[in-house]
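Below is one structure, written out as structure tokens, with a few remarks after it.
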Amino acid sequence: MKIKKIIIENFKFHHHLEFEIRNNNNCLIYGENGSGKSSIYEALYSNFYYYKNKKIANGIIKIRDTFLHRDFPSGNFKVNILFNNSINFNRTDETLSNDTLLLEPESNPEQGKANVYFANEKVLRNITDDNFFNIIENELIIHFPELSKVISCYKDVNKSLSLLKDAEQINEEIIKQRQEADELCKTKLNELIPFTLINSILENNLLCDFKIEYSFKESNIDINKKFHSPLINFKIMNIDDRGDFRNHFNEAKLKLISIAVYFALVKKNQTQNELKLLILDDFLTSLDMANRKKIARFIIDDFEEYQIIILTHNIQFNNLLKKMINPTRWDTKILFTMKEDDLIVAKVKDKNDNYIEEAKNFINTPNYDLAIAGNLLRKAFEGIVNEFEQLLEIGKVERLQKVLEALENDDSYFYDTPHEVLETLIKDFENMFQNTQQPDDAKIRQIKNKINAIKNNKITFKIEDGTEKSYHLLKRTEFYKNILMNPSSHNDSETEIYKEECENTIFLLEELNKLLEKLKEN
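In my numbering, the protein residues as written are 1 to 522.
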């Protein structure tokens, strides 16, 4: 049971976002900060953690009130999910359709509840950031409800304390009750926290040279008759960490422990339910690339039964994953923003999306709509620029910086192969100087002509019929203003959009695409 299509309306950043995940694939989505990436995570969380997060299930968190797009307070509020078996899992305001798919099937309860897990940087950081009892109570119990059995060990103790009158003191019965609760808590920890599996993941998957266990400092009741939960800390086996393993390890090691704990719990709690889903949002920030690679390999290889959706704003991590994943089993997408009807909106670009070809189809039909074609070309341009910026951010090639600078500067020229231009110029000069029959004034005129020809360099686009069209170097601001932004994005019926402009834009975009592909190869 895999997600096939997602539609989000008026949820936080997104007025309308719609995309498909093809062929039951996993999905990798790259989006810069501010592109609405985390809004996708939260939208999916609001549906899939409907029962797990009691604040959502009990109506303490009102999803519409909390996440409604601020520019559309009266608009439709939807998070619609279509599965590959044609089941719809749709949210409209606080109502969720087919929510029973998260529970044990009535016809076969032995299958258990759905295997759906969300994790981001905050979730993983918290695992090693406090008394582990508090982490279970405030964080992990949401993801793994079985862990409530650890917390409930002290239910009777707290009940007994609440029944004490002001003048009454703590009696031996309550003290014994607390001590027994501590022993029960240790038993439940050993049952529910799979330390053998955690250490196996640390050693065999994450290649760590240490193992962990836990230390347990008993609970207590203070003079004000207030109960204090036990202090549970992770402890490094065979090493005296002086009771504070957080100061013994650096941030990377702590993150590896968090990963091992979280995903060991996923494995331990796995049921036979066919819905198996992992959604991870920027969960490996602050780690070096070597550790990211180990963790990514572990998740990709050990959770093949799950549909995995990874969202990231980190271009290095995105590119690392693209090298590691099987392209036949993963959809890779780019989330980018653009202005549409005076609203900043997000678009999802699939690797197989071809806005240029769609635009060609529009302008080649008898009743073509140039406004639609222009909008498609603008999407294509935004996507290309986004990919350029990705390459630039990772320092792919220095000349990309020159390309973008040339696009933004009125006085700059970009030469795709400057070394060839210079080499040709030197050879021409040498030939002129060796020509003793040519007068000096003729040589000077020839040099001027050569320089002017280079200064007036034009990008040439070859068409199938062999003719050529020449355009002055594309300037980014003029491209936006004259070709795409004004005519097509504002639906201004008084602004003419010429078919030739769309065709010229197509030539430009195709040439930019060629350059982009060359840069990727280098």
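All C-beta atoms in this analysis are idealised placements derived from N, C-alpha and C, irrespective of residue type, glycine included. Bear in mind the structure is a predicted one, so any value in this text is a computation, not a measurement.
Can you tell which of the options has its C-alpha closest to the C-alpha of residue i?
i, options, result
"residue 278", "28, 14, 5, 162", "28"
"residue 121", "319, 506, 335, 252", "252"
"residue 283", "432, 117, 333, 154", "117"
"residue 47", "223, 6, 86, 424", "6"
"residue 505", "434, 448, 373", "373"
"residue 132", "217, 74, 211, 87", "217"
"residue 72", "202, 54, 16", "16"
"residue 446", "428, 115, 434, 270", "428"
"residue 309", "438, 280, 503, 502", "280"
"residue 302", "201, 104, 176, 434", "201"
"residue 300", "14, 26, 22, 21", "26"
"residue 70", "59, 98, 14, 340", "14"
"residue 181", "130, 298, 172, 219", "219"
Determine the contact status of residue i and residue j, defining contact as a CB-CB distance below 7 Å.
i, j, result
"residue 79", "residue 57", "no"
"residue 233", "residue 215", "yes"
"residue 509", "residue 380", "yes"
"residue 2", "residue 33", "no"
"residue 77", "residue 10", "yes"
"residue 248", "residue 241", "yes"
"residue 35", "residue 346", "yes"
"residue 376", "residue 355", "yes"
"residue 4", "residue 83", "yes"
"residue 51", "residue 311", "no"
"residue 287", "residue 255", "yes"
"residue 125", "residue 93", "no"
"residue 448", "residue 432", "no"
"residue 333", "residue 350", "yes"
"residue 19", "residue 348", "yes"
"residue 113", "residue 104", "yes"
"residue 127", "residue 261", "yes"
"residue 331", "residue 21", "yes"
"residue 363", "residue 502", "yes"
"residue 170", "residue 221", "yes"
"residue 268", "residue 194", "yes"
"residue 188", "residue 149", "yes"
"residue 384", "residue 512", "yes"
"residue 61", "residue 55", "yes"
Looking at the strands, I want to know which residues DSSP matches up with residue i.
i, result
"residue 504", "Residue 504 is not bridged to any residue."
"residue 214", "234"
"residue 338", "345"
"residue 31", "335"
"residue 143", "DSSP lists no partner for residue 143."
"residue 311", "29, 281"
"residue 228", "220"
"residue 350", "333"
"residue 5", "20, 82"
"residue 116", "277"
"residue 91", "79, 96"
Check the C-beta distance from residue i over to residue j and give it rounded, since I have them as a contact under 8 Å.
i, j, result
"residue 245", "residue 259", "That pair is no contact at about 16 Å."
"residue 198", "residue 264", "4 Å"
"residue 275", "residue 101", "6 Å"
"residue 272", "residue 110", "7 Å"
"residue 30", "residue 335", "7 Å"
"residue 338", "residue 378", "7 Å"
"residue 115", "residue 270", "6 Å"
"residue 212", "residue 257", "6 Å"
"residue 314", "residue 285", "7 Å"
Return no unless some Cβ of chain B is closer than 7 Å to the Cβ of residue i.
i, result
"residue 428", "Of the chains in the structure shown, none is chain B; there is only one protein chain."
Contact the segment 214-229 vs the segment 152-167: 3+ CB pairs below 8 Å:
yes
Taking three-plus beta-carbon pairs below 8 Å as touching, is the segment 160-173 in contact with the segment 130-147?
no
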